[in-house]
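Below you'll find the structure, written out as structure tokens, and then a few comments.
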Amino acid sequence: MSSLLEDKVYMVLSETAKRGVYPLHAYRYGLFRIPAELNDKKEIQGVIAALKQAFKIDEFADRIYVTSKWKETDVTSSKPQDWKEAELEITVEIVTGDVVDIIYQIKPLEYFPDAYWVKNYRSKADQNAKMIIDSIIRNTIIGEKWKQEWIKKQKISEQEAQKRLEGLTPLAKPLAVAKPAPPPAAKPVAQQPAATPQPQVQAAKPAPQQQQQVQKQVEKPAPQPQVQPQKPAPAPAPTAAPSSSAGGIDINFRSNRQIAEDHFGHHVWGPVNTPDLLGIHGTAVAVDFDICIADGACVEACPVNVFEWFATPGHPASEKKADPTRESECIFCMACEVVCPPVAIKVTQGVHPFA
Ligand code: F3S
Ligand code: F3S
Ligand code: ZN
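In our numbering, each residue carries its 1-based index in the sequence shown increased by 1363.
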């Protein structure tokens, strides 16, 4: 998630421990508390029914355990009979009550005896946990209640609250039942190639004889990753960004948007309404600030240091963004585009940076 757990490891507050939430030794731990009451049995059953479509669900006392499994295949051997396969899983725990705690603990790899060869296990588990959490928040009454809290306390509109929720949950799987269709969030969503927000996580079939490890989700009817639930394409509201946080950056932003301002030598494609709506920064190397969750993979991946952190306090998706301040230095290796989990970056060769 996304932005909610961007720092990945959280301190356990004493009030949390009192609720019986304890990190296990050697497990990596993520916790997020949502100010929403979830005590009503019917509401709890509604949460379970929505999540059952895509995940394995267990219940115990005041907890709902949501598990996602995935398969890893090691095809590094040239002999198919030597290929290895392992099934891994990650569980996110929802602790119901006067507030909702959402917790996950990443088990050590040794927990899965046949999976010692799996590479990048922790980051895959982390990514899958975030996908579950985003799915929980986006598709159940928990997210709805959170929205109502913003509307009441921060006096924002339903539409703004929905947009914020979508910005916070870019990895959500769209689930069918869930909740009433969100209000028009402004945007022509589907004009881009199916954007996969977890490039290293969702891999295609193994190409035999190739030296690689692949990972496949082995969950249920796998709803298409990251495609917006079907909603009518609404007329864009003037203050909402014309790109979808769930579907990745709008690759046609140069025709769909207008330049709102300049920023450290690059254009900003609007609309901009600080601090909630920040637009797309850059042209040849474009970063949708409203989708960026400060993952940082692009900053690390870029061989020529195109990006620089820029603080964006108060933005719902993250409080800093990868700003393409040196886009004219780009050598078009495309690494940043590939590694960005929410698909917030579009690199276009042959476009003048300041065009
Ligand atoms: Fe860097 Fe991305 Fe260009 S990684 S070189 S900004 S394509
Ligand atoms: Fe943001 Fe994606 Fe980079 S989330 S920090 S643009 S990897
Ligand atoms: Zn900028």
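Ideal placement from N, C-alpha and C gives every residue a C-beta, glycine not left out.
For H1715, count neighbouring Cβ atoms within 10 angstroms of its own Cβ and tell me buried if that reaches 16, exposed if not.
-> On the sequence shown, residue 1715 is found 352 positions in, with the first residue counted as 1. Answer is exposed; the Cβ neighbour count stays below 16.
Cβ-Cβ separation, S1431 to E1452 (assumed contact under 8 Å), whole Å | As a working mapping, residue 1452 is identified with position 89 in the sequence shown. As a working mapping, residue 1431 is identified with position 68 in the sequence shown. With 8 Å as the limit, E1452 and S1431 qualify as a contact, their Cβ atoms being about 7 Å apart.
In its own chain, which residues sit with a C-beta less than 7 Å from the C-beta of F1475, not counting the 5 before and 5 after it?
-> Your numbering for residue 1475 matches position 112 in the sequence shown. Correct list, in chain order: A1449 and L1451.
Every unbroken alpha helix (DSSP H) within the region 1383-1440, with a cutoff of 4 residues, ordered by chain = 1404-1415
Under 6 Å from any heavy atom of ligand 2, does the C-beta of I1708 make it?
-> What you label residue 1708 is simply residue 345 of the sequence shown in a count that begins at 1. Checking the Cβ of I1708 against ligand 2 gives yes.
Return yes when the C-beta of V1631 is under 6 Å from any heavy atom of ligand 2, and no when it is not.
-> Here residue 1631 refers to the residue found at position 268 when the sequence shown is read from its first residue. No, ligand 2 has no heavy atom inside 6 Å of this Cβ.
Please report how far the alpha carbon of D1658 lies from the alpha carbon of K1404, in whole angstroms.
-> The residue given as residue 1658 occupies position 295 in the sequence shown. The residue given as residue 1404 occupies position 41 in the sequence shown. Their Cα atoms are separated by approximately 36 Å.
Backbone secondary structure at D1653 - three-state DSSP = On the sequence shown, residue 1653 is found 290 positions in, with the first residue counted as 1. The answer is coil: DSSP assigns D1653 none of H, G, I, E or B.
Have a look at the DSSP bridge pairing and note the partners of W1632.
-> By one-based count along the sequence shown, residue 1632 stands at place 269. According to DSSP, which records beta bridges pairwise, W1632 is partnered with I1622 and I1643.
Distance, Cα to Cα, T1688 vs D1625?
-> Residue 1688 sits at position 325 when you count from the first residue of the sequence shown. Residue 1625 sits at position 262 when you count from the first residue of the sequence shown. Taking the straight line from one Cα to the other gives about 11 Å.
How big is the Cα-Cα spacing for H1629 and V1463?
-> As a first step, residue 1629 must be located in the sequence shown, where it is residue number 266. As a first step, residue 1463 must be located in the sequence shown, where it is residue number 100. When rounded, the distance between both Cα atoms is 41 Å.
Stretch-stretch touch, CB-based, cutoff 8 Å, three pairs: the region 1631-1649 with the region 1668-1681 = yes
Which residues bound the alpha helix (DSSP H) around L1451?
-> In the sequence shown, counting from the first residue as 1, residue 1451 sits at position 88. Here L1451 belongs to no alpha helix (DSSP H); instead the beta strand (DSSP E) covers K1447 to V1458.
Residue interval of the alpha helix (DSSP H) (run including Q1444) | Here residue 1444 corresponds to residue number 81 of the sequence shown, with the count starting at 1. Element bounds for Q1444: n/a, residue is neither H nor E.
S1618 to P1537 span [Cα, whole Å] = The residue you call residue 1618 lines up with position 255 of the sequence shown. The residue you call residue 1537 lines up with position 174 of the sequence shown. Spanning the two alpha carbons is a distance of roughly 28 Å.
Span of the alpha helix (DSSP H) holding W1509?
-> Taking the first residue of the sequence shown as position 1, residue 1509 is located at position 146. Its alpha helix (DSSP H) spans residues I1504 to Q1517.
Put Q1673 into one of helix, strand or coil per three-state DSSP.
-> Here residue 1673 corresponds to residue number 310 of the sequence shown, with the count starting at 1. Looking at the sequence shown, residue 1673 is not Gln but Phe. Three-state DSSP puts F1673 in a strand.
Roughly how many angstroms separate the alpha carbons of S1681 and L1640, rounded to a whole number?
-> On the sequence shown, position 318 is the one that residue 1681 refers to. On the sequence shown, position 277 is the one that residue 1640 refers to. Cα to Cα, the separation comes out at about 12 Å.
Counting only the same chain and skipping the five closest in sequence on each side, list residues whose C-beta sits under 8 Å from that of V1710.
-> Here the question's residue 1710 lines up with position 347 in the sequence shown. Cβ within range, chain order: A1647, V1648, A1649, C1693, F1695, M1697, C1699 and E1700.
Look at the alpha carbon of A1707 and the alpha carbon of P1398, and state the distance between them as a whole number of angstroms.
-> On the sequence shown, position 344 is the one that residue 1707 refers to. On the sequence shown, position 35 is the one that residue 1398 refers to. Using only the alpha carbons, I get a separation of about 28 Å.
Could you name the residues that DSSP lists as bridge partners for K1709?
-> One-based indexing of the sequence shown puts residue 1709 at position 346. Answer is A1649, bridged to K1709.
If I'm right that T1459 touches Y1467 with Cβ under 8 Å, what's the distance once you round it to whole angstroms?
-> By one-based count along the sequence shown, residue 1459 stands at place 96. By one-based count along the sequence shown, residue 1467 stands at place 104. Not really, about 16 Å apart at Cβ, beyond 8 Å.
Alpha helix (DSSP H) segment containing K1482, residue limits | Here residue 1482 refers to the residue found at position 119 of the sequence shown. Careful: K1482 lies outside any alpha helix (DSSP H) and carries neither H nor E.
Taking 6 Å as the cut-off, does the CB of D1686 come closer than this to any heavy atom belonging to ligand 3?
-> Translated into the one-based positions of the sequence shown, residue 1686 becomes position 323. Yes, the Cβ of D1686 comes within 6 Å of a heavy atom of ligand 3.
Return yes when at least one heavy atom of ligand 3 lies under 6 Å from the C-beta of F1627, else no.
-> By one-based count along the sequence shown, residue 1627 stands at place 264. F1627 Cβ: within cutoff of ligand 3.
Assess, as a yes-or-no matter, whether the region 1414-1427 is touched by the region 1485-1500 under the definition of 3 or more beta carbon pairs within less than 8 Å.
-> yes
If we count the other Cβ atoms within 10 Å of its Cβ and call it buried at 16 or more, is L1528 buried or exposed?
-> The residue you call residue 1528 lines up with position 165 of the sequence shown. Buried, since its Cβ has 16 or more Cβ neighbours within 10 Å.
Is the beta carbon of P1679 sitting closer than 7 Å to the one on G1530?
-> As a position in the sequence shown, residue 1679 is number 316, starting the count at 1. As a position in the sequence shown, residue 1530 is number 167, starting the count at 1. In contact: P1679 and G1530 (Cβ atoms closer than 7 Å).
State the DSSP-derived secondary structure class of V1463, mapped to helix, strand or coil.
-> Reading the sequence shown from its first residue, position 100 is the one you call residue 1463. V1463: strand per DSSP, three-state reduction.
Taking the C-alpha atoms as reference points, what is the distance between I1457 and T1439?
-> As a working note, residue 1457 is residue 94 in the sequence shown. As a working note, residue 1439 is residue 76 in the sequence shown. Their Cα atoms are separated by approximately 38 Å.
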